[in-house]
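*Asks:*
Chains as they are written, first to last, in this note's numbering: chain A, 1 to 166; chain B, 167 to 555.
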């Protein structure tokens, strides 16, 4: 679907700050507050805007014990439905955070979160690799997140400019 | 015994920049939110910084050709053609300089005979008139007004011309007003320039930061290529102020003369910065686009906010400055800026440092994060409520 420049601009802004005040959003664009509400509603209805989420650096939280793994999955596509059917069987598991169809050496990239390595390992061996269409899996555990969704986690870049300049 | 000064009269007579004084005031206070910064808030993109690091690792630490790396000049030539539809040969029409400032300096020193006049359109960058003076010329200032959106009118230009006039120095989009001259306005000015056989020195350092209208280079106006000297650089659009890298494009006769001056006075622009600029031109245009979008949002935000709080502000078409009127407060711009700084810890630049017609205004740079802008605007609104009943 085609979006106009104002709609694109709204998306670009809220992609980086979904908590932004509607009033501020209106001030930053050429739209009124009412226009913004209409635009957001339209984009939500079209599921262009799917969800408003928050990027959290869980590694900083002592109480968090989760682990994340990226799993390369080779599958046999099925006549008529291609990869969609097996992808669906996989993404319906609540442990699965993301599923992408990939070009290259394997077919599906599956991101799985669990409370421990053991839990993820069990999911892979009992649920994922036992699916009929799955030929093989390669599991990579994430050890440290440096940057996520365009944001560097340890960034503390201060303003190095002089206070007043011509 | 009569004591002779060791300093030349020309330099002794120069007024120190009003910005300097304001910097000293602001730098000694804690917790200042500054709208006084005349440079991008973006750090140079990593790809560009990485290219400079690589050039060091590869050992590119020697001089380049006086006019700059040929490869860079060729890229600049392509860039000028693609962005602004003007053709300059990399061989003899483009010189890579130490910032746009040096480009301006060698331009003025190359074209001016002692006593010749340069029309300087105020409010403008603080260095223009002093640079003309230091080059042995006489700056003739023209005062634009808010009623004309700070645009130079053909009548004003015509009235400022004397038999000694050599050139007109124009900056669009402008620092400090943000005003951008459109194609039709340039055409009208060009007619007068041609009629009186003048040169135009067109400072286009903010060309990449035009938000509403397509930017038009003065050199792209019919018949102006042979009488325009274009000053540009990487500081603003590419967020590379500290690299000190600019360039000047001119008719061959002028650029060859400029190169003599440049080779004796500067040798060449820094090699590492030239390698960085090469990367910026080759692969950095998407970054420029992203930054332009970001400034535009903040421009919209700050201008609407100023008008809401009673600071009348015209809509600046480019650069990253808003130039609201503070007349309602009854204060001079210096008084306003000093009180705003001491009472609310917000630094802005008083408009009069950019020329007489800047009086009654303040320059507010919106090259700051949204959080900083919002804080500054909150404080300014309080200030306005306290001083403007």
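The beta-carbon is built from N, C-alpha and C at its ideal position, and this holds for glycine as well.
#1: Can a CB atom of chain B be found closer than 8 angstroms to the CB of residue 72(A)?
#2: In the DSSP assignment, find the unbroken alpha helix (DSSP H) run with residue 216(B) in it and report its ends.
#3: Given this structure, state the Cα-to-Cα distance separating residue 520(B) from residue 4(A), to the nearest angstrom.
#4: Note the first and the last residue of the continuous alpha helix (DSSP H) segment covering residue 294(B).
#5: With a cut-off of 8 angstroms, does the C-beta of residue 77(A) fall near any C-beta of chain B?
#6: Answer with buried or exposed for residue 46(A), where buried requires no fewer than 16 other C-beta atoms within 10 angstroms of its C-beta.
#7: What does DSSP give as the partner residue(s) for residue 529(B) in the beta ladder?
#8: DSSP on residue 201(B), reduced to helix/strand/coil?
#9: Taking the C-alpha atoms as reference points, what is the distance between residue 89(A) and residue 64(A)?
#10: Please tell me whether residue 205(B) has its Cβ less than 8 angstroms away from any Cβ of chain A.
#11: Leaving out five residues on either side along the sequence, give the residues of the same chain with a beta carbon under 6 angstroms from the beta carbon of residue 522(B).
#12: Give, in chain order, every unbroken run of the alpha helix (DSSP H) that is at least 4 residues long and sits entirely within the region 92-163 of chain A.
#13: Going by beta carbon distance, what residues of the same chain come within less than 8 angstroms of residue 124(A), once the five residues before and after it are set aside?
#14: Please compile the residues from chain B whose C-beta is within a distance smaller than 8 angstroms of the C-beta of residue 29(A).
#15: Hey, is residue 163(A)'s beta-carbon within less than 8 angstroms of any beta-carbon in chain B?
#16: Does DSSP put residue 405(B) in a helix, in a strand, or in coil?
#17: Thinking C-beta only, is residue 202(B) closer than 8 angstroms to residue 192(B)?
#18: Going by Cα to Cα distance, which pick from 470(B), 278(B), 498(B) and 500(B) is closest to residue 304(B)?
#19: For residue 393(B) versus residue 359(B), is the C-beta distance shorter than 8 angstroms?
#20: Comparing the C-beta of residue 115(A) with each C-beta of chain B, is any distance below 8 angstroms?
#21: Just to confirm my understanding: we take residue 254(B), look at its own chain, exclude 5 residues before and 5 after, and list those with CB closer than 6 angstroms. What are they?
#22: Secondary structure at residue 78(A), three-state DSSP: helix, strand or coil?
#23: Count Cβ pairs between the region 102-112 of chain A and the region 75-85 of chain A that sit closer than 8 angstroms; are there 3 or more?
#24: Cutting at 6 angstroms between CB atoms, please list the residues of its own chain near residue 372(B), excluding the five before and the five after it.
#25: Could you spell out the range, first to last residue, of the alpha helix (DSSP H) harbouring residue 195(B)?
#26: What residues from chain A crowd round residue 470(B), counting only those whose CB sits closer than 8 angstroms?
#27: Under a CB-based cut-off of 8 angstroms, is residue 515(B) close to chain A?
#28: Could you tell me whether any Cβ in chain B is nearer than 8 angstroms to the Cβ of residue 12(A)?
#29: Comparing alpha-carbon positions, which option in 436(B), 293(B) and 426(B) lies nearest residue 409(B)?
#30: Mind pulling the alpha helix (DSSP H) runs of 4 or more residues that sit fully within the region 408-448 of chain B?
#31: Hey, how far is the Cα of residue 455(B) from the Cα of residue 8(A)?
#32: Since residue 473(B) sits in a beta bridge, which residues does DSSP pair it with?
#33: Residue 374(B) and residue 383(B) - do their beta-carbons sit closer together than 8 angstroms?
#34: Who are the neighbours of residue 157(A) on chain B, taking C-beta pairs under 8 angstroms?
#35: If we ignore side chains and look at the alpha-carbon of each, how far apart do residue 428(B) and residue 434(B) end up?
#36: Any C-beta of chain A sitting closer than 8 angstroms to the C-beta of residue 311(B)?
*Replies:* Per the coordinate set shown:
#1: Mapped onto the first chain, residue 72(A) falls at position 72. No, no contact with chain B.
#2: Locating residue 216(B) in the second chain gives position 50, counting from the first residue. Its alpha helix (DSSP H) spans residues 212-223.
#3: Taking the second chain and counting its residues from 1, one reaches residue 520(B) at position 354. Taking the first chain and counting its residues from 1, one reaches residue 4(A) at position 4. Answer to the nearest angstrom: the Cα atoms are 39 angstroms apart.
#4: The residue given as residue 294(B) occupies position 128 in the second chain. Taken as a continuous stretch (DSSP letters only), the alpha helix (DSSP H) holding residue 294(B) covers 294-300.
#5: Against the first chain, residue 77(A) aligns to sequence position 77. It does not; no Cβ of chain B falls within 8 angstroms.
#6: Sequence index remark: in the first chain, residue 46(A) carries index 46 (1-based). With fewer than 16 Cβ atoms within 10 Å of its Cβ, residue 46(A) is classed as exposed.
#7: For the purposes of this step, residue 529(B) is taken as the residue at position 363 of the second chain. Partner residues in the beta bridge of residue 529(B), as assigned by DSSP, are 515(B).
#8: Taking the second chain and counting its residues from 1, one reaches residue 201(B) at position 35. Coil at residue 201(B), not helix or strand.
#9: Counting from 1 along the first chain, the entry for residue 89(A) is found at position 89. Counting from 1 along the first chain, the entry for residue 64(A) is found at position 64. Approximately 28 angstroms between the Cα atoms of the pair.
#10: Here residue 205(B) corresponds to residue number 39 of the second chain, with the count starting at 1. Yes, because at least one Cβ of chain A sits closer than 8 angstroms to the Cβ of residue 205(B).
#11: Locating residue 522(B) in the second chain gives position 356, counting from the first residue. So the qualifying residues of the chain are 309.
#12: 117-122
#13: Looking up residue 124(A) in the first chain gives position 124. Once the five neighbours on either side are set aside, the close Cβ partners of residue 124(A) are 69, 71, 112, 137 and 139.
#14: The residue you call residue 29(A) lines up with position 29 of the first chain. Within 8 angstroms Cβ-Cβ: 463 and 466.
#15: For the purposes of this step, residue 163(A) is identified with residue 163 of the first chain, where counting begins at 1. Yes, residue 163(A) counts as interfacial toward chain B.
#16: Looking up residue 405(B) in the second chain gives position 239. Residue state, collapsed to three classes: coil.
#17: The residue you call residue 192(B) lines up with position 26 of the second chain. The residue you call residue 202(B) lines up with position 36 of the second chain. Yes, the pair counts as a contact, with Cβ atoms nearer than the cut-off.
#18: Numbered from its first residue, the second chain carries residue 304(B) at position 138. Nearest of 470(B), 278(B), 498(B) and 500(B) to residue 304(B), Cα basis: 278(B).
#19: To locate residue 393(B), count along the second chain from 1; it is residue 227. To locate residue 359(B), count along the second chain from 1; it is residue 193. Going by C-beta atoms, residue 393(B) is nearer than 8 angstroms to residue 359(B).
#20: Within the first chain, residue 115(A) is the residue found at index 115, counting from 1. Chain B contact via Cβ: absent.
#21: As a working mapping, residue 254(B) is identified with position 88 in the second chain. For residue 254(B), where only same-chain residues beyond five positions count, the Cβ hits under 6 angstroms are 243, 246, 260 and 415.
#22: Walking along the first chain from the start, residue 78(A) turns up at place 78. Strand at residue 78(A).
#23: yes
#24: As a working mapping, residue 372(B) is identified with position 206 in the second chain. So the list reads 339, 402, 484 and 485, once near-sequence residues are dropped.
#25: For the purposes of this step, residue 195(B) is identified with residue 29 of the second chain, where counting begins at 1. It is not in any alpha helix (DSSP H) - residue 195(B) carries neither H nor E in the DSSP assignment.
#26: Along the second chain, one-based indexing puts residue 470(B) at 304. By Cβ distance, chain A contributes 27.
#27: Along the second chain, read from residue 1 onward, the residue named residue 515(B) stands at position 349. Yes - at least one Cβ of chain A is within 8 angstroms of the one on residue 515(B).
#28: Taking the first chain and counting its residues from 1, the one referred to as residue 12(A) is at position 12. So, interface residue.
#29: The residue given as residue 409(B) occupies position 243 in the second chain. Cα-wise, what sits closest to residue 409(B) is 436(B).
#30: Restricted to the region 408-448 of chain B, the alpha helix (DSSP H) segments that are unbroken, complete and at least 4 residues in length are 418-431, listed in chain order.
#31: Along the second chain, one-based indexing puts residue 455(B) at 289. Along the first chain, one-based indexing puts residue 8(A) at 8. Cα to Cα, residue 455(B) sits roughly 14 angstroms from residue 8(A).
#32: Residue 473(B) sits at position 307 when you count from the first residue of the second chain. Paired residue(s): none; residue 473(B) is not in a bridge.
#33: Numbered from its first residue, the second chain carries residue 383(B) at position 217. Numbered from its first residue, the second chain carries residue 374(B) at position 208. Result no, Cβ atoms of residue 383(B) and residue 374(B) do not sit closer than 8 angstroms.
#34: For the purposes of this step, residue 157(A) is taken as residue 157 along the first chain, with counting starting at 1. The contacting residues are 209.
#35: Along the second chain, read from residue 1 onward, the residue named residue 428(B) stands at position 262. Along the second chain, read from residue 1 onward, the residue named residue 434(B) stands at position 268. Going from the Cα of residue 428(B) to the Cα of residue 434(B) covers about 7 angstroms.
#36: For the purposes of this step, residue 311(B) is taken as the residue at position 145 of the second chain. It does not; no Cβ of chain A falls within 8 angstroms.
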